[in-house]
Amino acid sequence: MTLLFCANYCLAQEPAWLVPPGDSFNSIGRFSEGLAHVDFRDSRSVSFIDTSGRVKSWKEPFDDAGNFHNGLAWVYKKINGKTLYGFINKAGELVIPYQYDEVEDFSCNRAAVQQDGIWKYINREGKTVIGDDWVITEMPVINLQQEQEMEDVEPPAFACGRVLYRDENGHYGYRDTLGQFVIPARVDYACDFTDGVAAVADTIPAPVMEDDDTLSRLYNRLPPGPPQYRYRLIDLDGKTICRPDSNVTLDLNGNFSNGLISFLLETADSSNWGIMNTHGQVVVAPKYRNKPLPFCDGVSVVQVDGDKSKWNKDGYLITLDTLGRTIARFSLETPYGILYDSNLGFHEGLIAVKIGDLWGYINAKGRVVIRPQFQSAGDFHEGFAVVMTPQGKAGVIRNPLNIHH
1 MTLLFCANYC LAQEPAWLVP PGDSFNSIGR FSEGLAHVDF RDSRSVSFID TSGRVKSWKE
61 PFDDAGNFHN GLAWVYKKIN GKTLYGFINK AGELVIPYQY DEVEDFSCNR AAVQQDGIWK
121 YINREGKTVI GDDWVITEMP VINLQQEQEM EDVEPPAFAC GRVLYRDENG HYGYRDTLGQ
181 FVIPARVDYA CDFTDGVAAV ADTIPAPVME DDDTLSRLYN RLPPGPPQYR YRLIDLDGKT
241 ICRPDSNVTL DLNGNFSNGL ISFLLETADS SNWGIMNTHG QVVVAPKYRN KPLPFCDGVS
301 VVQVDGDKSK WNKDGYLITL DTLGRTIARF SLETPYGILY DSNLGFHEGL IAVKIGDLWG
361 YINAKGRVVI RPQFQSAGDF HEGFAVVMTP QGKAGVIRNP LNIHH
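Residue numbers (UniProt numbering): 1 to 405.
Structural data, given as structure tokens:
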């Protein structure tokens with residue numbers, strides 16, 4: 001591995017390639033369970049490579065494939081002009097036949113599959129564990145007219161041994177991997193479990209004017225606006241852990257990761273972001289104008305904007321550990337230019353960042369570890385990351401920190 005001296009006397013590394021960029025592959029997937037799917041440029045078929053970079057010599061190629069989860073990966077082929085999905089094991093054997101019109105990845109040894117317009121959950125043997133009546137394929141959203149409507153969604157995946165269901169009254173609950181109703185449907189909104197915790201919510205009743213005058217009657221006849229929710233955190237048994245204050249908004253898009261979640265505290269004077277744990281305890285006081293990125297591998301990062309220079313040159317980044325302590329504070333200026341974009345979290349000690357027109361990697365202390373040189377750069381998984389060169393060629397690099405969780 002070649003080492004280069006940076007302007008600030010730090011060492012940036014040239015990448016060590018597992019799969020050098022070339023003309024063999026159109027694209028390469030991220031590693032999962034020791035394998036990554038590859039799309040061959042010449043044959044328009046898909047196979048897998050292992051962590052030595054060797055292509056698996058399985059009996060048949062596939063038209064497309066997903067990542068391995070719970071030892072299985074979805075694959076599909078066109079059969080009599082129709083695209084059908086099945087699942088293979090890590091020996092490349094088709095263990096669940098081509099029969100489904102749509103599929104999702106396995107999690108908790110369960111996968112959502114659709115056949116002839118009917119969704120269900122199956123186990124690793126392909127047997128049904130939850131039928132169509134209880135599979136969520138729509139969720140409420142607020143449209144541009146500030147009205148609630150239903151939007152098609154992919155069925156939720158199992159997480160922490162639980163999956164969402166919705167009853168005929170529109171209330172949400174959770175089932176386990178055997179299909180048992182372990183948390184009854186009693187709430188108006190609910191999120192997936194992460195880190196053993198889920199956010200659920202009840203609708204706050206719309207205010208009503210009780211006076212019997214003209215103004216009150218007109219007010220009470222107004223169409224209802226979008227629903228307002230009061231959230232609480234529950235455990236895997238459905239017991240309430242805590243109820244955040246009404247002026248606290250949880251980052252439900254990021255959700256819990258590493259046992260932590262960002263939250264927004266809104267007061268009459270300000271709106272600031274902080275971080276709380278799964279017990280509702282504040283780990284980082286709400287003091288940031290920008291939302292911290294979700295924790296990953298024990299690290300979060302938050303940008304603090306500058307106010308004195310063009311292009312935010314006096315802004316900086318702060319990295320935090322899971323105890324809320326500052327790991328480092330570093331400028332957006334690097335020896336290679338201004339850092340102005342990044343992936344959504346640290347993985348195995350590094351985060352991909354865009355400096356100028358190219359992507360490289362920095363560590364949690366802000367040091368450029370792999371100089372910017374890629375058209376795109378993926379996260380590290382199992383010691384490897386997929387990158388694309390400016391010439392549009394895909395390759396796989398090794399993690400120079402040699403951290404593999």
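Beta carbons: idealized from backbone N, C-alpha and C, even for Gly.
None of these values were measured; they are calculated from a predicted model.
Could you pull out every residue in the same chain whose Cβ sits closer than 7 angstroms to the Cβ of residue i, ignoring the five residues on either side in sequence?
i	result
Arg329	Tyr316, Ile318
Leu94	Gly86, Ile88
Gly298	Asn258, Asp321, Thr322
Can you check whether the CB of residue j is closer than 7 angstroms to the CB of residue i?
i	j	result
Cys191	Ala199	yes
Pro292	Val302	yes
Asn363	Leu344	no
Phe346	Trp359	no
Val283	Gly324	yes
Asp202	Arg230	yes
Ser27	Asp42	no
residue 437	Trp17	Within the shown structure, residues of the chain are numbered from 1 to 405, placing residue 437 beyond reach of any answer.
residue 465	Cys160	Since the first residue of the chain shown is 1 and the last is 405, residue 465 is not available in this structure.
Val55	Ser45	no
Gly337	Gly366	no
Val103	Tyr121	no
Leu164	Tyr172	yes
Asn80	Ser32	no
Asp50	Leu35	yes
Arg110	Phe62	no
Would you grab the beta carbon distance between residue i and residue j for me? Rounded to a whole angstrom, and I think it's under 8 angstroms.
i	j	result
Gly196	Thr278	7 angstroms
Pro155	Trp119	6 angstroms
Asp116	Glu138	Contact doesn't hold; Cβ gap of about 19 angstroms is too wide.
Val248	Leu233	Val248 to Leu233, Cβ: 11 angstroms. No contact.
Gly274	Cys242	With a Cβ gap of about 15 angstroms, Gly274 and Cys242 do not count as contacting.
What separation, rounded to the nearest whole angstrom, lies between the Cα atoms of residue i and residue j?
i	j	result
Leu250	Val135	26 angstroms
Ile397	Tyr174	40 angstroms
residue 427	Ile130	Given a span of 1 to 405 for the chain in the structure shown, any question on residue 427 remains unanswerable.
Gly29	Ala352	16 angstroms
Ala91	Gln114	25 angstroms
Asp236	Asp188	One detail in the question is off: residue 236 reads as Leu in this sequence, not Asp. Using only the alpha carbons, I get a separation of about 18 angstroms.
His69	Leu339	34 angstroms
Gly326	Gly170	The identity of residue 326 in the sequence shown is Thr, whereas the question assumes Gly. Computed Cα separation, rounded: 43 angstroms.
Met276	Ser262	6 angstroms
Cys108	Val19	31 angstroms
Ala65	Pro205	47 angstroms
Gln99	Arg162	26 angstroms
Glu168	Asp133	9 angstroms
Ser331	Thr128	53 angstroms
Pro227	Ser246	14 angstroms
Gln148	Leu218	22 angstroms
Asp341	Tyr361	11 angstroms
Pro286	Cys296	20 angstroms
Cys6	Phe106	In this prediction, Cys6 has a pLDDT of 41, which is less than 50 and means its spatial position is unreliable; nothing more can be read from the coordinates.
Pro140	Leu215	32 angstroms
Asp213	Leu252	41 angstroms
Glu60	Arg289	53 angstroms
Identify the continuous beta strand (DSSP E) that holds residue i and give its terminal residues.
i	result
Tyr336	Where Tyr336 is concerned, there is no enclosing beta strand (DSSP E), given that its DSSP letter is neither H nor E.
Ile355	350 to 355
Ser246	Premise fails: Ser246 is in no beta strand (DSSP E) and is neither H nor E.
Thr128	128 to 130
Ser45	No beta strand (DSSP E) contains Ser45, which DSSP labels as neither H nor E.
Gln393	According to the sequence as given, residue 393 is Lys; it is not Gln. Counting along the chain, Lys393 falls outside any beta strand (DSSP E), and DSSP gives it neither H nor E.
Ile261	260 to 266
Gly86	82 to 88
Phe330	326 to 331
Lys287	282 to 288
Against chain B, does residue i count as a neighbour if the rule is that its beta carbon must be under 7 angstroms from one of theirs?
i	result
Asp235	Protein chain content of the structure displayed is limited to a single chain, and chain B is not contained in it.
I'd like the list of long-range same chain contacts for residue i, defined as Cβ closer than 6 angstroms, with 5 residues on each side in sequence excluded.
i	result
Pro294	Gly254, Ser257, Gly345
Pro390	Gln375
Lys82	none
Ser300	Pro292, Leu293, Leu320
Ile183	Gly173, Tyr174, Gly238
Gly259	Asp195, Asn277, Thr278
Ala377	Ala352, Trp359, Val387
Arg166	Ile136, Tyr172
Ser52	none
Lys354	Asp341
Gly126	Ile96
Could you name the residues of the same chain whose beta carbon sits closer than 8 angstroms to that of residue i, not counting the 5 residues immediately before and after it, in chain order?
i	result
Leu3	Confidence at Leu3 is low in this model, with a pLDDT of 37, below 50, so the placement of that residue should be treated as unreliable; the coordinate-derived value is given next. Answer for Leu3: Leu11, Ala12, Gln13, Glu14, listed in chain order.
His381	Arg30, Phe31, Ser32, His347, Glu348
Asp23	Arg41, Lys393
Asn402	Gly383
Asn272	Leu264, Leu265, Pro286, Lys287, Tyr288, Arg289
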